[in-house]
Amino acid sequence: MHPKLRDALAARGLTRLYGHQRQAWDLAAAGQHLVVATPTASGKTLCYNLPVLDAVLSRRAKALYLFPTKALAQDQVAELMELNRAGGATTSAEQAPADGFGGGAALNRDTARIDGQPTGDQAASGAASSSPPAGAPAGAPVEALAGAAAGAAGAAGTLGIKAFTFDGDTPGDARKAVRTRGDIVVSNPDMLHQAILPHHTKWAQFFESLAFIVVDELHSYRGVFGSHVANVFRRLQRICQFYGVRPQFIFASATIANPAELAEQLIGAPVTGVTNSGAPRGSRHLLLWNPPVINPDLGIRASARSQSTRIARMATKAGLKNIVFARTRLMVEVITKYLKDAFDRDPRRPPRVIAYRGGYLPSERRQTERALRAGRVDTVVSTSALELGVDIGALDVAILNGYPGTIAATWQRLGRAGRRNRGSLGVLVATSDPLDQYMVRHPEFFLGASPEHARIHPDQLLILMDHVRCAAFELPFKDGDRFGGSSCAEDLHEMLSFLRDEGVLQRQGGPDGGRWYWVADSYPANAVSLRSVAEGNFVVIDIGDGKQTIIAEVDYSGAPGTLYEGAIYMVQSQPYQVERLDWTGRKAFVRKTRADYYTDAIDYTRLKILDRFDSRRLGADPAERAATLTAGEAAASVAAAHADDPAGGLTNRPVSADDTDATGASPTASRRAPPADSRRAPPAVAPAIPQKPSATDDSPAPSGAAASAPATAASEAAPEATKAAASHGEVHIVRRYPGYKKIRYYSHDNIGYGHIDLPDQEMHTSAVWWQVEPNALERSLPTREQAIEGFLGAAYALHHVAALRAMAEVRDLGRAVGDSQGRWFAVVGGDGRGQLRGPSNEPLEEPPGDRFEPTLFLYDNYPGGVGLSAPLFDDAQALVTDALGLVSGCACAHGCPACIGPILASDEQALRSPKRSALIVLRLLGGTTAAESSRASTSGAVIRA
1275 MHPKLRDALA ARGLTRLYGH QRQAWDLAAA GQHLVVATPT ASGKTLCYNL
1325 PVLDAVLSRR AKALYLFPTK ALAQDQVAEL MELNRAGGAT TSAEQAPADG
1375 FGGGAALNRD TARIDGQPTG DQAASGAASS SPPAGAPAGA PVEALAGAAA
1425 GAAGAAGTLG IKAFTFDGDT PGDARKAVRT RGDIVVSNPD MLHQAILPHH
1475 TKWAQFFESL AFIVVDELHS YRGVFGSHVA NVFRRLQRIC QFYGVRPQFI
1525 FASATIANPA ELAEQLIGAP VTGVTNSGAP RGSRHLLLWN PPVINPDLGI
1575 RASARSQSTR IARMATKAGL KNIVFARTRL MVEVITKYLK DAFDRDPRRP
1625 PRVIAYRGGY LPSERRQTER ALRAGRVDTV VSTSALELGV DIGALDVAIL
1675 NGYPGTIAAT WQRLGRAGRR NRGSLGVLVA TSDPLDQYMV RHPEFFLGAS
1725 PEHARIHPDQ LLILMDHVRC AAFELPFKDG DRFGGSSCAE DLHEMLSFLR
1775 DEGVLQRQGG PDGGRWYWVA DSYPANAVSL RSVAEGNFVV IDIGDGKQTI
1825 IAEVDYSGAP GTLYEGAIYM VQSQPYQVER LDWTGRKAFV RKTRADYYTD
1875 AIDYTRLKIL DRFDSRRLGA DPAERAATLT AGEAAASVAA AHADDPAGGL
1925 TNRPVSADDT DATGASPTAS RRAPPADSRR APPAVAPAIP QKPSATDDSP
1975 APSGAAASAP ATAASEAAPE ATKAAASHGE VHIVRRYPGY KKIRYYSHDN
2025 IGYGHIDLPD QEMHTSAVWW QVEPNALERS LPTREQAIEG FLGAAYALHH
2075 VAALRAMAEV RDLGRAVGDS QGRWFAVVGG DGRGQLRGPS NEPLEEPPGD
2125 RFEPTLFLYD NYPGGVGLSA PLFDDAQALV TDALGLVSGC ACAHGCPACI
2175 GPILASDEQA LRSPKRSALI VLRLLGGTTA AESSRASTSG AVIRA
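If you count the sequence shown from 1, you need to add 1274 to reach this note's numbering.
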């Protein structure tokens, strides 16, 4: 290690490394690409900073740091400048303890100083204090500190390392200095895509010395964003090859199941993983909070929103700084309003509660980040925007309003509290969604399951074609060049020919083959957004007081359900009403309002199958299945279920990761949990939901339902035929927003409806779908109404199970039930019943055509698809089995939001059971429970009622 760097580390109190940091150093020294995937607050920053800084000092190498957000980039520059100043320290701080880190180790984001001042932990440990650089006022923004520190680089008393941020906020006159003088350029993929690669000739001096590319928060590069970034890296490597360099990639990631695989997909080269952390951490407590049951018969619980607000109020009153994560922007604003009503009534005082989410203006987000780092805010309410590792100060409590959708994201959000080796509390407040209820009822799965796989699909045609355009603009293609995966090698010439026919490329022959030159006047990178497949954000303009002020922006896909005329749009809990929407101009004009309600859009979706890529039969003939129960078994199961969990859910109590008996799960439930190996999914998919073995395939019913359970189980246990198929292919989707609901604050009563007049949203995407042979369906569910409700309930359960397997958020997938030709679709109507609708959303008494063949669709919710449906098709049988286990293991009698969705109270009173219909549909689709699989494997006998 360079002597200056060693001295700087010693001055910061760092004399030894953790084991994973030493492993990363050795791999980097060997020239290998590597990924460090260790838990939050384990010192990952040091794993890439050490080899980079050593190379900069030893051989004047240059490095490019990429972070998914501007806030993270600015955070990193502040840390680098801390070390830069430490290089000139004449006295050292106290030595690090034997485990490796001192309280003031500024290289780790988790112990970084804020605005040049030591944090509370650092002051307590006696760490040396440093002042802001000359010319920077106390409490100056991170950008100003970084600029002042960088300007002083090279002066006496520093390491002489020049680190600059390069993002959309960098002034034009400063960009040349960044390109020519920067040793470390800290940016984000969007700037690399739109500002660096297209102008690589201006960066020639930088590229010629480029040795390292650091990519932090790797786990966030999945889905659409990750697929785009993989193509940006393909373009980056083309340009590096042009300048004669082969930089080394160092990735840092939160814990996911396949960090090395994901990194390899991003850069198309082998990557070595560092996954075992040697870092200590403060005590952590986990509380799984299941809201109390309000209506036991319908399985309705108190809202997670009210419980999360209550816990945040308790934490704030107790003097504990906390963060509340909500799953939607609307929920962020609603929770923020409730907390501001409690703590920010006096407008003369600085706010104690603040919201942070996408859509706010950059200046407002930077102001919020500074307030968080300075400790001036007690509670922050956020979407996943603060899930990543930006330093937001010392927090004591992390509250999750609902399960985020993946185990990896859950631990990442919980890890936002307790940084800097502080003790912390994490609270997961369950909603009524099926996955939330499964997690709190089976904490052994949540604590013992491996994290999910992150998936990307960089060769998706629309995404790939966009980046072929960009790459051709940057450097000419030659005949025989490759761009993309092996499957795209033969298609590049065809894509280039297509672009030539469009008039943007021209081919010129030569002795060494043809070359393809960009000849259009357009700038292709400007037309490609890395965050979406569709382009064109909407801006929200406040027209109050005779002015027009931009206050927010909304992405194209979210606009129809957010910015319709009459909608209530909230910013920092302040409601604005949309008065006019200019759809063509992408503008929404709003005005402040004092409305006591918020709005929620209603949407309907219909699909038509365009192309069937593959298909397979599911299940088996009932004669080959041990799938029936005796009436006694069904009754015994009901009684056993109540003995295990009389409250129908998990008691609210702390959870210890070291003692699953302390989770609140009953000893019986723990004994029934499958071993860890059985909870692992095949390598290509995320973990399957473990099935809860039961003596019955019907759900354990509350008191009063036991009498009907035997008949229910006997009637549904053996459908006369199991003739189902799953298919994968391309579909055409039409989504319509016919109206919206007005929902009153606090009581959440529905106080009215409004009409939405917007164009239908159409797209082609990929999907997986399930169908049952019509005769078999008619024999098992004689009425159309039962069949529709059964398919709608089955789709609800399958949708949530599939999101878990695909490591996707529920909104990344869409679901629909309808006719395969788009002639009708099914919805839950305003009366709570399943209804048939026609292509124009008109009610239908009977489905058109001779055959009634409902089709259950799960589709990629992005134009062209992003690779989610293909692995779901591969696991179509397992998905149905998982969904069957989810529904049959639910303690409700006839259906609830935790399994098939809400049902009507009148259905409960009439012993009408949508849940039973859903179970029959799932069985017709080939689903089996763990109990059946066990009986079939041991005896193969068929037991009939």
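A virtual CB, placed ideally from N, CA and C, is assigned to each residue, including glycine.
Bounding residues of the beta strand (DSSP E) (the contiguous stretch that carries residue i)
i	result
Gly2026	Asn2024 to His2029
Val1703	Ser1698 to Val1703
Leu1296	Per the sequence presented here, residue 1296 reads as Arg, with Leu not at that position. From DSSP, Arg1296 is part of no beta strand (DSSP E) but of the alpha helix (DSSP H) over Gly1293 to Ala1303.
Lys1336	Lys1336 to Leu1340
Ala1629	Val1627 to Tyr1630
Ala1728	Premise fails: Ala1728 is in no beta strand (DSSP E) and is neither H nor E.
Gln1711	Premise fails: Gln1711 lies in the alpha helix (DSSP H), Pro1708 to Arg1715, not in any beta strand (DSSP E).
Backbone secondary structure at residue i - three-state DSSP
i	result
Leu1562	strand
His2074	helix
Leu1288	coil
Asn1505	helix
Pro1636	helix
Asn1462	coil
Leu2231	Shown here, the chain extends from 1275 to 2219; a query on residue 2231 therefore has no answer.
Ala1900	With a pLDDT of 31 at Ala1900, under the threshold of 50, the predicted position of this residue should be treated as unreliable, and no value is reported.
Glu2083	coil
Ser2054	helix
Phe1438	strand
Gln2095	coil
His2038	strand
Lys1752	strand
Tyr2014	strand
Gln1734	coil
Thr1970	Residue placement at Thr1970 is flagged as unreliable, the pLDDT there being 35, under the threshold of 50; a coordinate-derived value is accordingly withheld.
Gly1840	coil
Gly2169	coil
Gly1832	helix
Val1548	strand
Arg1555	coil
Gln1217	Given a span of 1275 to 2219 for the chain in the structure shown, any question on residue 1217 remains unanswerable.
Identified DSSP bridge partners for residue i
i	result
Arg1886	Gly2003
Asp1816	Thr1823 and Val1864
Arg1880	Val2008
Asn2049	Note: Asn2049 sits in no beta bridge, so no partner.
Gln2264	Residue 2264 lies beyond the residue range present for the chain, which begins at 1275 and ends at 2219; the question has no answer from this structure.
Asp1856	Lys1861
Gly2088	Tyr2133
Tyr1871	Arg2018
Ala2100	Val2091 and Leu2110
Ser2143	Per DSSP, none; premise fails for Ser2143.
Alpha helix (DSSP H) segment containing residue i, residue limits
i	result
Met1275	Taken as a continuous stretch (DSSP letters only), Met1275 belongs to no alpha helix (DSSP H), as it is neither H nor E.
Lys1450	Gly1446 to Arg1455
His1767	Leu1766 to Glu1776
Tyr1612	Arg1603 to Phe1617
Gly2159	Ala2150 to Ser2162
Leu1484	From DSSP, Leu1484 is part of no alpha helix (DSSP H) but of the beta strand (DSSP E) over Leu1484 to Val1489.
Gln1539	Pro1533 to Ile1541
Identity of the residue in the options nearest residue i by Cα
i	options	result
Gly1689	Glu2004, Phe1599, Ile1817 and Ile1541	Phe1599
Ala1480	Ser1494, Arg1455 and Gln1468	Just to set this straight, residue 1480 is Phe in the shown sequence, not Ala. The candidate whose alpha carbon is nearest that of Phe1480 is Arg1455.
Arg1286	Met1355, Arg1865 and Gly2108	Met1355
His1493	Leu1466, Asp1457, Asp1300 and Gln1539	Gln1539
His2022	Thr1873, Arg2125, Gln2095 and Ser2001	Thr1873
Ala1303	Ser1483, Phe1523 and Lys1436	Phe1523
Phe1863	Asp1775, Ala1875 and Ala1833	Ala1833
Ile1568	Leu2196, Arg2197, Val2195 and Cys2170	Cys2170
His1473	Pro1798, Ser2143 and Leu2160	Pro1798
Ser1557	Ala1728, Val1671 and Gly2096	Val1671
Pro2137	Leu2130, Arg1579 and Ser1831	Ser1831
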